[in-house]
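Q: Can you keep this structure in mind? I'll have questions shortly.
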Amino acid sequence: MPHTSNNLLIACCGLDCSQCEARLATINNDDTLREKVARQWAEWNHAPEIKTEDINCTGCRIAGCKTYYCSNLCKIRLCVHSRHYSTCVECPVHPSCPVLGEIVQNNPQVLDNLASLSQQS
313 MPHTSNNLLI ACCGLDCSQC EARLATINND DTLREKVARQ WAEWNHAPEI KTEDINCTGC
373 RIAGCKTYYC SNLCKIRLCV HSRHYSTCVE CPVHPSCPVL GEIVQNNPQV LDNLASLSQQ
433 S
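One gets the numbering used here by counting positions in the sequence shown from 1 and adding 312 to each.
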């Protein structure tokens with residue numbers, strides 16, 4: 313896999329794709345990890361239709377495959393793309409956005425990740 317800039321591994325919402333088990337399973341072709349992720353995501357999202365074969369993703373902002381959830385259902389990614397932004401940090405509402413707040417609640421480091429992107433520009 314080609315080298316990827318670290319800032320591209322920060323998802324639209326600020327999550328760090330370099331730590332995402334779905335991405336790690338994809339780049340390492342690890343079916344055991346895919347199975348674990350599918351089970352967890354199905355449970356966490358009350359979505360039993362998430363299957364092992366659905367766990368393929370190269371990263372939110374990197375060209376290549378995405379999980380069905382990430383490409384079609386993620387409210388944040390859909391919002392960012394509809395506004396022609398790269399990430400939430402470009403949006404004037406981002407620190408107090410209720411949709412982003414759902415991610416921040418469980419992953420407060422996303423705000424630091426987004427802030428680091430704005431410092432790089």
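The C-beta atom is built at its ideal place from N, Cα and C for all residues, glycine as well.
Every value quoted in this text rests on a predicted model; they were computed, and no experiment measured them.
Alpha carbon to alpha carbon, how far is Pro360 from Gly413?
A: Between Pro360 and Gly413, the C-alpha separation is close to 25 Å.
Q: Decide if Ala337 is buried, meaning its Cβ has at least 16 other Cβ atoms within 10 Å, or exposed.
A: Flag for Ala337 reads buried.
Q: Quick one: what's got a C-beta closer than 8 Å to Thr399's C-beta in the same chain, skipping five residues either side?
A: Same-chain partners within the cutoff: Ile322, Ala323, Cys324, Cys325, Gly326, Arg373, Val392, Leu426 and Leu429.
Q: How would you write the range of the alpha helix (DSSP H) that Thr344 sits in, first residue to last?
A: Looking at the DSSP string, the run of the alpha helix (DSSP H) that includes Thr344 is Asp343 to Trp356.
Q: Just curious, the alpha helix (DSSP H) that Gly413 is in, first and last residue?
A: Pro410 to Asn418 is the span of the alpha helix (DSSP H), which, as asked, contains Gly413.
Q: Can you give the Cα-Cα distance for Asn341 and Ala354, rounded to whole angstroms?
A: The alpha-carbon atoms of Asn341 and Ala354 are separated by roughly 20 Å.
Q: Go through its chain and collect everything with a Cβ distance to Leu423's Cβ below 8 Å, but skip five positions before and after it.
A: If we look at Leu423 and ignore the five residues flanking it on each side, its Cβ neighbours are Gly326, Pro407 and Val416.
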